[in-house]
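Counting in the working numbering, the sequence shown runs from 2 upward without gaps.
Heads up, the beta-carbon is just placed ideally off N, CA and C, and yes, glycines get one too.
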Amino acid sequence: MSVAYVCHRNAILNNTILKKEFSTVCLPKLLAPSIWITLPSQAYGLSERVKKQWRAHALLAPIILTFALTAVVSLPLNAQTVGVESQHQKDPLKSGVKERKANVNDEWDSMWPEEDNVESGDDWSDEWDDEWGTDSKSKLRISGFAELAVGNRFSRDMATAFGSQNSQMNESFQAANAPSVLNNSTLRDARVQLRADYALDSSSISSKADVWYDGVTSSWESQLRELAWQGSLSSILPSALVGAGDWANAFDIKVGKQVLTWGTGDYLFLNDLFPKDYQSFFAGREDEYLKAPSNALKVSGYTDIANVDLVVTPEFEPDIGITGEIFSFYSPQLDENIAPSFSVERDNRPRGSELALRVYKSVKGMEIAGYGYTGYTRQPTATDSLGRPRYSKMNAYGASVVAPLGRGIANAEYVFYNSLEDMDGSDGQIANDQSRFLLGYSQEIAANLTGGFQWYTEYLHNADGLDRTVSSSERVQEKYRHWVTTRLTLLAIRQTLTLNTFLFYSPSDSDGYLKTTVAYSPTDKWQVRAGVNVFSGKDNYTFWGQFEDASNAFIAYRFYF
Numbered sequence: 002m003s004v005a006y007v008c009h010r011n012a013i014l015n016n017t018i019l020k021k022e023f024s025t026v027c028l029p030k031l032l033a034p035s036i037w038i039t040l041p042s043q044a045y046g047l048s049e050r051v052k053k054q055w056r057a058h059a060l061l062a063p064i065i066l067t068f069a070l071t072a073v074v075s076l077p078l079n080a081q082t083v084g085v086e087s088q089h090q091k092d093p094l095k096s097g098v099k100e101r102k103a104n105v106n107d108e109w110d111s112m113w114p115e116e117d118n119v120e121s122g123d124d125w126s127d128e129w130d131d132e133w134g135t136d137s138k139s140k141l142r143i144s145g146f147a148e149l150a151v152g153n154r155f156s157r158d159m160a161t162a163f164g165s166q167n168s169q170m171n172e173s174f175q176a177a178n179a180p181s182v183l184n185n186s187t188l189r190d191a192r193v194q195l196r197a198d199y200a201l202d203s204s205s206i207s208s209k210a211d212v213w214y215d216g217v218t219s220s221w222e223s224q225l226r227e228l229a230w231q232g233s234l235s236s237i238l239p240s241a242l243v244g245a246g247d248w249a250n251a252f253d254i255k256v257g258k259q260v261l262t263w264g265t266g267d268y269l270f271l272n273d274l275f276p277k278d279y280q281s282f283f284a285g286r287e288d289e290y291l292k293a294p295s296n297a298l299k300v301s302g303y304t305d306i307a308n309v310d311l312v313v314t315p316e317f318e319p320d321i322g323i324t325g326e327i328f329s330f331y332s333p334q335l336d337e338n339i340a341p342s343f344s345v346e347r348d349n350r351p352r353g354s355e356l357a358l359r360v361y362k363s364v365k366g367m368e369i370a371g372y373g374y375t376g377y378t379r380q381p382t383a384t385d386s387l388g389r390p391r392y393s394k395m396n397a398y399g400a401s402v403v404a405p406l407g408r409g410i411a412n413a414e415y416v417f418y419n420s421l422e423d424m425d426g427s428d429g430q431i432a433n434d435q436s437r438f439l440l441g442y443s444q445e446i447a448a449n450l451t452g453g454f455q456w457y458t459e460y461l462h463n464a465d466g467l468d469r470t471v472s473s474s475e476r477v478q479e480k481y482r483h484w485v486t487t488r489l490t491l492l493a494i495r496q497t498l499t500l501n502t503f504l505f506y507s508p509s510d511s512d513g514y515l516k517t518t519v520a521y522s523p524t525d526k527w528q529v530r531a532g533v534n535v536f537s538g539k540d541n542y543t544f545w546g547q548f549e550d551a552s553n554a555f556i557a558y559r560f561y562f
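Have a look at this one:
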């Protein structure tokens, strides 16, 4: 689903604030003080909560010192070796644009076979292969990285837990439940990722896990991003059943925790209805974290007629959206931004499964694909009788094509989201049917400079039948919403420096979003990455306009081992 489903401003939390007792609302967490400004001499007289937060931050001091020493020691070594290592730089189609890698999908891979499909789970990255490719006898392969990342917003977000003026809450209640967004910190990560692969006789087991301390929420976090078995059908069937033919080798199976992706869009996901993490994306984490993992079974078949991917997710996996812990969002009921730090209650979380299908084939240089999906909306865009957010049932049907055009690559994609619980679009508490269209083109403009352009449109079916409780009709989403996106990627200093700029602009809503990153990696051992996320909008009720106070800058240092 596209970035447009980060927050549904017309239905999410509809009347939740007015219908629920304050005692039952999931209260937001307070942000910890910045690790850069809380000193031991300031601890005297502070509350026990703040002291506890400072002691947690103090645990990061050895990590920070180790990173700093590593950087200082490695600089003179890198200066001597960069000339030699630059001779072994990979082709830009393989590894040049790391910002773009997380968005390249299987269909683009078919056009550029050597380009990595980040997080697809089908192939290891080039770095992974380079480290282990020479040791064919080793069955267990291990690598990973450690990273420090810091981000701050440009201006204070004054949103409170339920709005600043119209929430009918007294000042003492608001002060006691002030949300995390009142702090200027948007990113405070000390992260370690471990990655391992174990080769069996005719299959493999892969794993990847992250552990990090989140200084914004003052908590330790962990995420198992991959733990899956992968092999052909012949590797699990008895030889007597397989017979002399090789038909079983034409089917691959991957089962377990994995990151899934397909479609043709760049940061725009139409038929890609696998989980996304938009909070990480807006905070400035690496693009790989935009794709969230799923517990799934993926079966891939390769035939002369067509190739097929079938993904079964036994239990629904939603997106990680903007819910108020770090970034506030617009409430149409209160006509202002709120930061309630809410979560969907267990009763409103689907217990059913999801099914996704892709059928694709190359025809005269073109990659043609058809898609199907049955499951639920990725975001809680519906509400129950008490006004609490929930997920509604939906099906999706789509198609795409990727083809060479001139000096570049063109792509087109379409999807129809069919709302099964509100067929005529008259229920304002359930998202309407939508059609989404995408046209894109990218090419190399000059040596080490590539550019891309996309036109994206949302069409809201049965828009006249809506009955939304908003403060004015202009707040209701228009029948058509248009986005234009551009991307420029520049490789410099023997491809050790990557400058990536991506711009969203909506001519229908007069708002936009600029994401710019600079990554410097002179060796395979470390990388420095910095950038900005800038949101702008004429009105606070437009999609990008609601995040204007979320604009931030970030910097990260990563050491590979």
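For M367, the beta-bridge partners assigned by DSSP are V364. D320 is not bridged by DSSP to any residue. Between the stretch 333-353 and the stretch 248-259, the count of Cβ pairs shorter than 8 Å is below three; the stretches do not touch. Separation of A200 and R495 (C-alpha to C-alpha, rounded to the nearest whole angstrom) is 35 Å. The three-state reading of DSSP puts D190 in strand, counting E and B together. In this structure, L274 sits away from V313, with a CB-CB distance that is not shorter than 9 Å. Within the same chain, and ignoring the five residues on either side of Y392 in sequence, the residues whose Cβ sits closer than 6 Å to its Cβ are P351, Y377, T378, P381.
Closest by C-alpha distance to V217, out of F505, L261, Q280, is Q280. Comparing alpha-carbon positions, the option among N412, I410, D434, K365 lying closest to K394 turns out to be D434. DSSP lists G453, F503 as the beta-bridge partner residues of R488.
Cβ-Cβ distances below 6 Å link S332 to I339 in the same chain, with the five nearest sequence neighbours on each side left out; the list follows chain order. In the same chain as W527, and ignoring 5 residues on each side of it, the C-beta atoms closer than 6 Å to its own belong to F560, in chain order.
When secondary structure is reduced to three states using DSSP, W230 falls in the strand class. It is roughly 19 Å from the alpha-carbon of K539 to the alpha-carbon of R154. The DSSP-derived three-state label of F283 is helix. In this structure, A411 keeps its C-beta atom at 9 Å or more from the C-beta atom of D423.
Pairwise C-beta distances place the stretch 261-272 in contact with the stretch 476-492, as three or more of them are shorter than 8 Å. Residue P276 holds the alpha-carbon nearest to the alpha-carbon of E318 among G388, P276, T499, F555.
Per DSSP, the continuous beta strand (DSSP E) segment holding S537 begins and ends at 527-538.
Residue pairing from DSSP places T314 in a beta bridge opposite E355. In this structure, T517 and T499 do not form a Cβ contact; the two beta carbons are roughly 11 Å apart against a cut-off of 8 Å. Here DSSP, grouped into helix, strand and coil, assigns V243 to helix. In the same chain as A297, and ignoring 5 residues on each side of it, the C-beta atoms closer than 7 Å to its own belong to Q259, L261, V312, V313, T314, in chain order. R192 counts as buried, since no fewer than 16 other beta carbons sit within 10 angstroms of its beta carbon. Here DSSP, grouped into helix, strand and coil, assigns G373 to strand. Going by beta carbons, V535 and Y514 fall inside the 9 Å limit. Spatial neighbours of Y418 in its own chain (CB-CB distance under 7 Å, excluding positions within 5 residues in sequence) are listed in chain order as M395, A397, D434, Q435. In the assembly as shown, W545 is a buried residue. Its beta-carbon has 16 or more other beta-carbons within 10 Å. Our two residues, K480 and F555, have alpha carbons roughly 36 Å apart in a direct line. Sequence-distant Cβ neighbours of V212 in its own chain, meaning closer than 6 Å and more than five residues away, are V193, S223.
Between the alpha carbons of A400 and Y290 lies a distance of about 26 Å. Secondary structure at L225: strand, using DSSP grouped into helix, strand and coil. For M395, the uninterrupted beta strand (DSSP E) run begins and ends at 394-406, by DSSP. Judged by beta-carbon spacing, S203 lies within the 9 Å limit of S235, meaning their Cβ atoms are closer than that value. Annotated three-state conformation of A297 is strand, per DSSP.
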